[in-house]
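Some notes on the structure that comes next.
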Amino acid sequence: MLYLDNSATTKIHPEVLDAMMPYLKEEYGNPSSKYYSLAENAKKAVARAREHVAALFGCDSDEVVFTSGATESNNMIIKGVADYYGSLDDANNYLLTTKVEHPSVIETFNYLGDRGYEVSFLEVDQYARVDFQKIKEGIEKRPLLTSIIWGNNEVGSINPINEISALFEENGLFLHTDATQVVGKVPVNLKETKGIRFLSMSGHKIGGPKGIGAAIVRKQSNEIFTKITPLLHGGGQENNYRSGTLAVHNIVGLGKAAELALNKLEQNVNRLNELENYLMNILKSNFSGRIKFNSDVKNKIPGLISIQFIGVNNELLLKKLSNYVALSTGSACSATKPSHVLSAAGKSLGEIRQTVRVTLSPNLSESDLDFFKQIQ
Ligand code: PLP
C-alpha cells in the first residue's frame, strides 16, 4: 500500500519507538512522585523531551505544555485566553480567526460565539491565505485573541506569519498560530517571531506517537507566565495549565520526534521538494488538461499537493484506488458539509467534490510515485 496521506498522520519513526519502549516497560515511574529513582528517571526523561520540543520552536522549556495533541492545544489556548482575559474586561469579548482554520479552532470559536463572545472569521484568497490588510482591519477592535493557521492542512498554503507576528508584537495583542502542519517542514523560531504568543502542534504529524502534542505558551517576561484558564483542573502539572499524570512514554516519543524534525529539517524539505517535483511532472504529463492545482506553488507546505481531477468524483476515485494507495479528499467532505477551506477559497461544490490531497513523506522513492503513471 502506497501511503500518501502524511498530513493526516505519519508512520512512527523507528528511533521514536525505540526511545519510548523503556517507558512502557521498566521505567514506569510517575514523574510527579518524589525521592525514588523510578520517579526521578521519569522526571529526567520528561525534562529532556521538553528541551527538545523547546529547541524545535526556539522557546524556553518552561513554555512547553504537553497536551494530547493539537486539538487539545487549540481548545486550551482559545478557551483559556477567552475565559481569563474576557473575565478581566467586561467591555471586550472579541475573538478573531480565519475561515480556513482546522475544525478544532473553528468549532471552538463557534462554541464561544454561542456563549456570548463576539467572534469573527476573516475571508481568504483563492489559495486559502489570509489577507494582511484584513488582519490589520480586524485587530482595530483589539481582540482578546487572534488565531491564524500557519500552513493550511487542506491546500498547504502558508500565511505570511513573520509580518503577522510583527503586527501583533507592535500592537501588543495576543496571536495564536496552529502550526501543526508546518512543524518539520518550515523553520519555526519563536525568538524571531515574538508576536506569536501561543502555538499548537501534534506529535503524530512528525513521526511521533498519537495522543501527544504541545501548546507553546510564551511568558510575558522572564518570570511572568501568561495567564490562561486551564481546561483540566487538578494536580497542577504543566505549570498549572494542564493537570493530569504525564504520559511519559508519549512525551519521550514527542521529544525524539522533535529532535529528529529539527536535525533533519533541511534534508527532509529537500527530499520532499524533489519528490514533489517528480510527482508534479508525472501529473502534468499524464493528466494534461484534466487537472488543476489548488495550492500556491510558490509558498506552500513541501510535499502537500491539492489537485482537482476535472470531472472525476473524488470519493469514487479514492474508493477505487483504496487497495493500492491511501489518499485524502483533504477533509471530511459530505453531501451536506463540503470542505469549508475550499469553499472559503472560492471553489464550487463541484470543484470540491473533485479534489484530492496528496501528502508525501521523505521516505518515499521516485519509483513509488510511478504509480501515478498507471492511472488514466
Ligand atoms: N490543526 C491542524 C492544522 C491539523 O491538520 C490537525 C490534524 O489534522 C489538527 C489541528 C488536530 O490534530 P490532532 O488530531 O492530532 O489533535
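With the first letter of the sequence shown counted as 1, position 69 gets the number 69 in full-length UniProt numbering; the numbers rise by one all the way through. Glycine included, every Cβ here is placed at the ideal spot set by N, Cα and C.
*DSSP three-state call for residue 440: helix, strand or coil?*
Any answer about residue 440 is impossible in this case: the structure gives the chain only from 1 up to 376.
_Relative to the C-alpha of Asn171, which candidate in Arg115, Glu223, Leu260, Thr146 has its C-alpha closest?_
The candidate whose alpha carbon is nearest that of Asn171 is Thr146.
_Residues that His176 bridges to, as DSSP identifies them_ = Ser147, Phe198
*DSSP puts Lys292 in a beta bridge; with which residues?*
Gln308
*So, are the CB atoms of Ala128 and Val100 less than 8 Å apart?*
yes
*Ser339 by DSSP, collapsed to three states: which one?*
Per DSSP, reduced to three states, the secondary structure at Ser339 is coil, with no helix or strand assignment.
*In or out: Ala47 buried (at least 16 other Cβ within 10 Å) or exposed?*
Burial state of Ala47 is exposed, judged by a 10 Å Cβ sphere holding fewer than 16 other Cβ atoms.
*Determine the closest residue to Asp83 out of Ser61, Pro103, Thr108, Phe66, with distance taken between C-alpha atoms.*
Thr108
*Specify, as a first and last residue, the run of the beta strand (DSSP E) that Phe66 falls within.*
Where Phe66 is concerned, the enclosing beta strand (DSSP E) stretches over 64-67.
*Compute every distance between the C-beta of Gly184 and the non-hydrogen atoms of the ligand PLP, then say whether any falls below 7 Å.*
no
*Return the chain-ordered list of same chain residues with a C-beta closer than 7 Å to the C-beta of Val312, the five sequence neighbours on each side being excluded.*
Gln354
*Taking 8 Å as the cut-off, decide whether the C-beta atoms of residue 380 and Ile224 are in contact.*
In the structure displayed, the chain extends from 1 to 376; residue 380 sits before or after that span and is not available.
*Which same chain residues, not among the five before or five after Val81, have their C-beta less than 7 Å away from its C-beta?*
The answer, listed in chain order, is Leu144, Leu145, Phe174, Ile228.
*Alpha carbon to alpha carbon, how far is Lys256 from Asn299? Give it in angstroms, no decimals.*
28 Å
*asked:* Quick check: what's the CA-CA separation for Cys333 versus Asn314?
replied: With a pLDDT of 43 at Cys333, under the threshold of 50, the modelled position of this residue cannot be trusted; read the value that follows with caution. Approximately 10 Å between the Cα atoms of the pair.
*asked:* Taking DSSP's pairing of strands, which residues face Tyr94 in a bridge?
replied: Glu118
*How big is the Cα-Cα spacing for Gly208 and Leu254?*
5 Å
*Per DSSP, what kind of secondary structure is Ile375 in: helix, strand or coil?*
coil
*Confirm, please, whether the CB-CB distance from Arg242 to Val358 is below 8 Å.*
In this structure, Arg242 does not lie closer than 8 Å to Val358 by Cβ.
_Output needed for Ser367: all residues of its chain with C-beta closer than 8 Å, excluding positions within five of it in sequence on either side, in chain order._
none
*Can you grab the Cα-Cα spacing for the pair Val269 / Phe57, in whole Å?*
17 Å
*In angstroms with no decimal places, state the Cα-to-Cα distance between Glu163 and Lys191.*
14 Å
*Taking the CB atoms as reference points, tell me whether Leu275 and Leu342 lie closer together than 8 Å.*
no
*Can you check DSSP and say which residues form a bridge with Asp5?*
Thr359
*Beta-carbon proximity check, Thr177 vs Ile196, cutoff 8 Å*: yes
*Check each candidate in Lys43, Val16, Asp5 and name the one with the smallest Cα separation from Val248.*
Lys43
*Cα separation between Tyr375 and Pro338?*
In the sequence under discussion, the amino acid at residue 375 is Ile, which differs from the Tyr named in the question. So the alpha carbons of these two residues sit roughly 26 Å apart.
*To the nearest angstrom, how far is it from the Cα of Lys136 to the Cα of Leu96?*
11 Å
_Tell me which residue opens and which closes the beta strand (DSSP E) that Ile216 is part of._
Note, Ile216: beta strand (DSSP E), 213-217.
*Which ranges would you report for the alpha helix (DSSP H) in the segment 196-283 if only whole runs of at least 4 residues count?*
248-263
*Hey, out of Pro31, Ile291, Leu369, whose CA is closest to Glu351's CA?*
Ile291
*Can you grab the Cα-Cα spacing for the pair Gly303 / Leu318, in whole Å?*
19 Å
*asked:* Taking the alpha helix (DSSP H) that Thr193 belongs to, which residues open and close that run?
replied: Thr193 -> no alpha helix (DSSP H), and no H or E assigned at all.
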